[in-house]
Structures are given as C-alpha cells and as structure tokens.
Amino acid sequence: MRGEKLGPQALKDLHKQIKTRAEAQSRQEALTKARATRPVPGSGAGRASAHGSHAVDAPLDDHEAFRRAVRAATPLRAAPRVVHAPAPPAAPAAHRRAAALGETVARADDGISDGGDVAPLLSEGGTAFVRHDAAADTARKLRRGAWPAGAELDLHGLRVEQARHAMLSFIDECLEFGIRCVRIVHGKGYGSAGLGPVLKDKVRTWLVQKPQVMAFSEAPEREGGAGALLVLLQRVEGGKR
2 MRGEKLGPQA LKDLHKQIKT RAEAQSRQEA LTKARATRPV PGSGAGRASA
52 HGSHAVDAPL DDHEAFRRAV RAATPLRAAP RVVHAPAPPA APAAHRRAAA
102 LGETVARADD GISDGGDVAP LLSEGGTAFV RHDAAADTAR KLRRGAWPAG
152 AELDLHGLRV EQARHAMLSF IDECLEFGIR CVRIVHGKGY GSAGLGPVLK
202 DKVRTWLVQK PQVMAFSEAP EREGGAGALL VLLQRVEGGK R
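Here the sequence shown is numbered in the numbering used here, starting from 2 and rising by one per residue.
Written out as structure tokens, the structure is:
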C-alpha cells in the first residue's frame with residue numbers, strides 16, 4: 002500500500018483502529034499494575050483506589066477486626082475457685098461435748114426399734130400416752146396447754162430412718178436444755194404410698210420406747226391436729242435452761 006493514497010473514509014477508519022489499540026494496551030497495563038500492587042489478604046496493607054490517587058484500608062471480616070481490637074489487651078488471670086461442700090448435720094450438744102472430751106456417747110436411736118405393738122399402752126383411741134409414773138390426766142392437760150411447747154420438729158419429707166434419728170436426737174437436745182414440752186409434726190400421711198400414715202404410727206412407737214418421754218397427746222386442731230403430737234419430757238436437773 003506504500004505510495005497509495007487513502008481516501009478520507011479510509012484515513013478515518015485507520016485512525017479509529019490505532020486509537021482502539023492504544024486504549025486496549027493502556028487498560029492492560031493498568032490491570033497489570035493493579036495486580037502487582039494488590040495487598041496480601043490479612044496483611045492490613047492499603048490498596049489502590051479506582052482512580053489511583055489515594056490508598057484506602059482493605060475491608061476486614063469480623064474475626065480479623067476483633068483480633069486487631071484486642072491485640073493489645075492483657076488476658077485476665079482466672080480467679081481461684083472455692084468449692085463449698087455441704088455442711089454435715091450438726092450433732093447434738095451432748096455428742097459434741099463428749100467428742101471434745103474423748104468420750105463416747107450412744108446414738109440417740111440406739112435400742113429404739115421400728116416394730117412392736119404399742120397399741121395397749123396408748124389411750125384415748127391411740128392418740129395419747131401416759132407413762133405409769135406420771136399423773137393419769139397428764140395427756141389431757143397437755144392438750145389443754147398446761148405446758149407451752151418450747152421447741153418444734155417437722156418430719157415432713159423424711160424417710161423412716163431419717164425421721165427416727167432426727168426425732169430422737171431432737172428430744173435429747175431438748176432434755177439437755179431443760180425444755181419440758183415439744184411439738185412434733187409428723188403429718189397425716191396423705192402423701193405416703195398407699196395413703197397410709199407411716200410416720201404417724203412410727204413416731205408413737207418410738208416415743209413410747211424413750212424413757213424420758215412422760216406423756217404425749219394429739220395436738221389441738223390449731224396446732225396441727227392429727228398431724229402433730231405434744232410431748233411432755235421428764236424434768237432434768239441441771240439443764241441449761
């Protein structure tokens with residue numbers, strides 16, 4: 002084509018081709034440069050803006066942002082943990098004193114059985130008991146409030162063995178402190194298996210076997226009725242109260 006003259010339209014098309022190639026080459030060079038300067042992920046380096054005039058921070062995900070925020074923080078030292086074991090049941094004062102002196106004291110329920118027919122020893126339809134060396138009207142006077150109750154024990158929710166030990170230990174404690182009359186709440190037995198008054202009968206059996214129990218009577222309705230007993234204990238000389 003050397004020496005050949007081109008018309009106006011041909012010159013115009015040639016100029017357009019040259020311009021298109023120059024623009025494509027310019028875009029390729031810009032793309033290559035952008036790839037060379039792209040920051041490594043997680044490095045925190047800036048990246049070129051679309052116009053190439055300013056550097057801006059690369060966007061961070063939540064994990065990386067949190068890691069950077071706490072980078073200068075000092076971890077707290079774990080505080081020492083103290084585990085509190087449940088305290089064992091308190092022993093009666095007589096047992097504590099004997100242990101301090103190196104002596105041995107029999108358990109409160111030693112020699113007290115769960116069985117035996119005590120019905121012949123009860124009076125007033127099985128609701129009262131009076132020991133032979135006490136006045137015959139002692140149970141009646143108990144029910145009328147001749148001796149106000151100085152302490153109370155509630156046996157609700159206890160199994161038979163737990164209730165026996167709790168009740169007899171309670172009586173020993175009251176004797177030591179000179180308390181004459183106590184109220185023992187055994188319940189009416191509605192929550193027992195078969196709706197039988199298990200503790201109600203057991204409590205009477207245990208009390209009859211305790212020599213220091215002078216009498217007992219079913220409590221008045223205002224004090225528990227058939228679900229509780231008023232118990233009169235023998236007078237102990239030199240008691241703490």
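Glycine residues also receive a C-beta, built at the ideal position from the N, C-alpha and C atoms.
- When the five nearest sequence neighbours on each side are left out, the beta carbons in the same chain lying within less than 8 Å of the beta carbon of Glu224 are those of Ala150, Arg184 and Leu231, in order along the chain.
- Burial state of Glu219 is buried, judged by a 10 Å Cβ sphere holding 16 or more other Cβ atoms.
- In the three-state scheme derived from DSSP, where H, G and I count as helix and E and B as strand, Arg181 is classed as coil.
- Counted as a single uninterrupted DSSP element, the stretch harbouring Leu231 is not any alpha helix (DSSP H) but the beta strand (DSSP E) occupying residues Ala229 to Leu234.
- Secondary structure note for Val209: its alpha helix (DSSP H) is the uninterrupted segment Val199 to Gln210.
- DSSP, reduced to helix, strand and coil, places Val237 outside both helices and strands of the structure shown, so it counts as coil.
- Residue pairing for Ser124: DSSP places it in a beta bridge opposite Ala129.
- Under the DSSP assignment, Leu156 falls outside any beta strand (DSSP E); it carries neither an H nor an E label.
- Minimum Cα-Cα distance from Val214 among the listed residues Glu222, Gly179 and Leu200 corresponds to Gly179.
- Residues of the same chain with a CB within less than 6 Å of the CB of Arg181, apart from the 5 flanking positions on each side, are Trp148 and Leu234 in chain order.
- Under the three-state reduction of DSSP, Ala216 is assigned to strand.
- Annotation: the continuous alpha helix (DSSP H) that includes Asp63 extends over Asp63 to Ala70.
- In its chain, beyond the 5 residues on either side, Arg165, Leu169, Trp207, Gln210 and Lys211 have a beta carbon closer than 8 Å to the beta carbon of Ile113.
- Per the coordinates, the alpha-carbon of Leu200 lies some 21 Å from the alpha-carbon of Glu174.
- About 4 Å separates the Cβ atoms of Gly228 and Lys189, confirming a contact at the 8 Å cut-off.
- Rounded to whole angstroms, the gap between the alpha carbons of Leu156 and Arg205 is 13 Å.
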